[in-house]
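Written out below as structure tokens is the structure these notes cover.
Numbering (our numbering), first residue to last: 52 to 345.
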């Protein structure tokens with residue numbers, strides 16, 4: 052079967068790996084971030100969708116189980132990724148998991164929470180199927196920046212959460228919680244080419260030219276790493292992710308070039324109109340298009 056025949060139709064509800072640029076960065080980064088936690092572990096990918104993330108995690112995990120409520124998505128995942136011996140897919144409701152207690156070492160659930168009203172049942176179920184030393188990684192859009200500030204409504208989101216609402220949902224079940232912010236940023240990066248050096252220096256400049264330490268941005272999404280006992284000691288302070296082809300940057304540069312070219316052409320046309328008006332001394336008619344009567 053050809054690669055294009057394997058693609059699951061993108062409806063806006065579930066990400067597919069054929070999506071490009073910004074949405075690709077956001078979704079792949081979450082699973083890439085989870086790789087270190089999933090290494091050698093029994094992993095549940097709850098609401099796995101198309102299955103690309105489960106397949107990625109299966110490259111390092113002992114075993115991965117992908118679950119999604121969509122039978123179509125699960126059938127697709129089995130067809131596309133079913134050749135991995137340590138990867139299985141099951142259809143089912145992530146808020147009503149049909150697994151025994153303490154069945155998994157890691158649960159990942161990205162872009163799930165906001166699609167459900169049964170959020171307490173979802174998180175309680177994750178805590179139940181996790182081992183005592185298990186880790187949950189879960190994402191959630193920040194209602195303030197994602198919807199209120201942007202003036203945007205995602206038709207597939209049932210209930211979005213503010214930061215404190217997300218923490219209040221997680222705290223009854225997990226002793227350790229570390230919240231990460233996620234957002235695509237335009238950054239200038241410096242890195243040592245010989246691999247030397249320690250730590251990371253992060254800075255943000257404001258409109259007045261004042262440089263402050265840290266990444267001073269409002270997150271678009273939250274990624275919560277949760278532990279029943281203690282959080283892993285090796286969790287990074289910062290996680291950076293990109294594609295070697297720099298698809299977002301290339302698209303941005305292409306749009307800038309097109310806009311500049313269009314602007315130059317408009318300026319040429321306006322100059323020609325002014326020249327014609329001056330040379331012929333004609334008075335614009337009310338029947339002319341408005342842009343010619345300027």
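For each residue, glycine too, the CB sits at the ideal point set by N, CA and C.
Terminal residues of the alpha helix (DSSP H) in which residue i lies
{"i": "residue 104", "result": "103–109"}
{"i": "residue 127", "result": "122–132"}
Option in the options with minimal Cα separation from residue i
{"i": "residue 270", "options": "196, 257 and 143", "result": "196"}
{"i": "residue 222", "options": "106, 132, 171 and 312", "result": "171"}
{"i": "residue 210", "options": "225, 201 and 193", "result": "193"}
{"i": "residue 281", "options": "114, 187 and 328", "result": "187"}
{"i": "residue 123", "options": "232, 255, 143 and 84", "result": "143"}
{"i": "residue 116", "options": "147, 131, 154 and 146", "result": "154"}
{"i": "residue 278", "options": "159, 293 and 134", "result": "159"}
{"i": "residue 254", "options": "245, 237 and 243", "result": "237"}
{"i": "residue 258", "options": "251, 267 and 178", "result": "267"}
{"i": "residue 152", "options": "234, 95, 235 and 317", "result": "95"}
{"i": "residue 183", "options": "168, 315, 227 and 262", "result": "227"}
{"i": "residue 207", "options": "218, 167 and 178", "result": "167"}
Paired residues, beta bridge with residue i - DSSP
{"i": "residue 273", "result": "191 and 232"}
{"i": "residue 140", "result": "117"}
{"i": "residue 278", "result": "186 and 227"}
{"i": "residue 181", "result": "155"}
{"i": "residue 212", "result": "193"}
Element boundaries [beta strand (DSSP E), containing residue i]
{"i": "residue 254", "result": "254–256"}
Helix, strand or coil at residue i according to DSSP, with G and I counted as helix
{"i": "residue 93", "result": "strand"}
{"i": "residue 225", "result": "coil"}
{"i": "residue 262", "result": "strand"}
{"i": "residue 55", "result": "Its pLDDT being 37, under 50, residue 55 is placed unreliably in this model, and the coordinates cannot settle the point."}
{"i": "residue 160", "result": "strand"}
{"i": "residue 246", "result": "coil"}
{"i": "residue 147", "result": "coil"}
{"i": "residue 327", "result": "helix"}
{"i": "residue 285", "result": "coil"}
{"i": "residue 168", "result": "coil"}
{"i": "residue 295", "result": "coil"}
{"i": "residue 362", "result": "Residue 362 lies beyond the stretch modelled for the chain, which goes from 52 to 345, so this question has no answer here."}
{"i": "residue 268", "result": "coil"}
{"i": "residue 198", "result": "helix"}
{"i": "residue 311", "result": "helix"}
{"i": "residue 206", "result": "coil"}
{"i": "residue 237", "result": "coil"}
{"i": "residue 251", "result": "coil"}
{"i": "residue 112", "result": "coil"}
{"i": "residue 176", "result": "helix"}
{"i": "residue 322", "result": "helix"}
{"i": "residue 75", "result": "helix"}
{"i": "residue 135", "result": "coil"}
{"i": "residue 85", "result": "helix"}
Proximity test, Cβ basis, 8 Å: residue i and chain C
{"i": "residue 294", "result": "Judged by its chain identifiers, the structure shown contains no chain C, having just a single protein chain."}
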